[in-house]
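What follows is a set of notes on a single structure, which appears directly below.
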Amino acid sequence: MPEKRPPFVVGNWKMHMTVSETRALLDSIVKAVPDLGTARIVVIPPFTALGEAARLLANSSVALGAQNLFWEDKGAFTGEISGPLLRDIGCRYVVVGHSERRQFFGETDITVNKRVHAALRSALKPIVCVGEILEERDAGRTMARVRTQFDGALEGISPEDIRKIVLAYEPVWAIGTGRTATPGQAEDVHAVLREKIAEKYGKEAAACAIILYGGSVKPANSFSLFREKNIDGFLVGGASLEAESFIPIMKEAMKAYKEVA
Ligand code: 13P
């Protein structure tokens, strides 16, 4: 494996943040950017704040993403949002297959795969989430679960398109619980995911792939997680809602990067 990839940190705001809260938070993030070196930063506001976020980030290196998309490009699908609409408002990334969508909104590996293809069609980079539930971990089925999710989500993805995809390992038991995976637990799964990319798309694609960890990432654990060889950054939920926690997470990742790169 070549040198460590620079930190890639994504703030998933979930169903939080009004337009005025968005303004305040993005103002702080944009001001912090010069201190964050080569880190890649992506913010994922709710749909209602995307327009304002796009305006505020127009001259910034902070990229914009959305939390979900439908797999059709247009049509009579009340309540859904398409890739072309997200692209039009300024999104570059879109989260696909988050465990909350799998748990509460019936997403399956098949519908996740349709969304990945739809995102790529609209030149959006999908951030594809995988992760086991606690019962699966306790039963020793973590690796089998994430392998199946990987295969399902990436069905029909070409070697060219794999380079546009960001993977996120988010163990469901660690999301919003304060119970983070240990660096070792996360690294083991990240290594398996990178191996999967190597098997299917070759070593070079695997070496370039971005694989994020998500699940109770905080300033206090981001340094030790990022030091792991196969952890390229974070998909942050709760701690991304405040500049006081999100910015230190990025700084800690940068510190770890400088140490190990
Ligand atoms: P928390 O950081 O709140 O655990 O959420 C993680 C997550 O689901 C990000 O997508």
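Just so we're on the same page, our numbering is the position in the sequence shown counted from 1, plus 45.
Here a beta-carbon is modelled for each residue, glycine too, at the ideal position from N, C-alpha and C.
Here the structure is a predicted model, which means the values were calculated and not measured.
Following the continuous beta strand (DSSP E) through Val54, name the residue where it begins and the one where it ends.
Position 9 of the sequence shown, counting from 1, holds the residue named residue 54. Here the beta strand (DSSP E) through Val54 covers 53 to 57.
Jot down the residue ranges of each uninterrupted alpha helix (DSSP H) in the stretch 173 to 250, minimum 4 residues, whole runs only, in chain order.
Those alpha helix (DSSP H) runs which fall completely within the stretch 173 to 250 and span 4+ residues are 179 to 183, 187 to 198, 204 to 207, 228 to 246.
With respect to 7 Å, is the separation between the Cβ of Ile220 and the closest non-hydrogen atom of ligand 1 below this value?
Walking along the sequence shown from the start, residue 220 turns up at place 175. Flag set: Cβ of Ile220 near ligand 1.
beta-carbon Val262 near ligand 3 non-hydrogen atom, thresh 7 Å
Annotation note on ligand 3: not contained in the displayed structure, which lists ligand 1 as its ligands.
Are the beta-carbon atoms of Ser290 and Glu215 separated by less than 8 Å?
The residue you call residue 290 lines up with position 245 of the sequence shown. The residue you call residue 215 lines up with position 170 of the sequence shown. Contact flag unset, no.
For Pro171, which residues does DSSP report across the bridge?
Taking the sequence shown and counting its residues from 1, one reaches residue 171 at position 126. DSSP output for Pro171 lists Val139 as bridge partner(s).
The stretch 155 to 168 touching the stretch 200 to 208, judged by at least three CB pairs closer than 8 Å
yes
With contact counted as at least three CB pairs below 8 Å, one residue from each stretch, are the stretch 129 to 140 and the stretch 102 to 112 in contact?
yes
Does the stretch 187 to 195 touch the stretch 230 to 238, meaning 3 or more C-beta pairs lie closer than 8 Å?
Output reads yes: the stretch 187 to 195 touches the stretch 230 to 238.
Output the distance between the C-alpha atoms of Val307 and Leu71, rounded to the nearest integer angstrom.
A query on residue 307 cannot be resolved here, the shown segment of the chain reaching from 46 to 306 and no further.
For Arg262, which of helix, strand or coil comes out of DSSP?
One-based indexing of the sequence shown puts residue 262 at position 217. One point to set straight first is that residue 262 is Val, not Arg, in the sequence displayed. Correct three-state label for Val262: coil.
To which residues does DSSP link Val87 through a beta bridge?
Taking the first residue of the sequence shown as 1, we reach residue 87 at position 42. BP columns for Val87 point to Val55, Ala108.
Within 8 Å, strictly: CB atoms of Leu280 and Ile210:
Along the sequence shown, one-based indexing puts residue 280 at 235. Along the sequence shown, one-based indexing puts residue 210 at 165. No, the Cβ-Cβ distance between Leu280 and Ile210 is not below 8 Å.
C-beta contact flag for Gly128 and Arg166 at 8 Å
On the sequence shown, position 83 is the one that residue 128 refers to. On the sequence shown, position 121 is the one that residue 166 refers to. Yes, they are a contact pair.
Is the distance from the Cβ of Ser73 to the Cβ of Ile255 below 8 Å?
Indexing the sequence shown from 1 puts residue 73 at position 28. Indexing the sequence shown from 1 puts residue 255 at position 210. No, the Cβ-Cβ distance between Ser73 and Ile255 is not below 8 Å.
Same chain, Cβ closer than 8 Å to Val307, five either side skipped, listed in chain order:
This structure does not reach residue 307, given that the chain is present from 46 up to 306, and the question cannot be answered.
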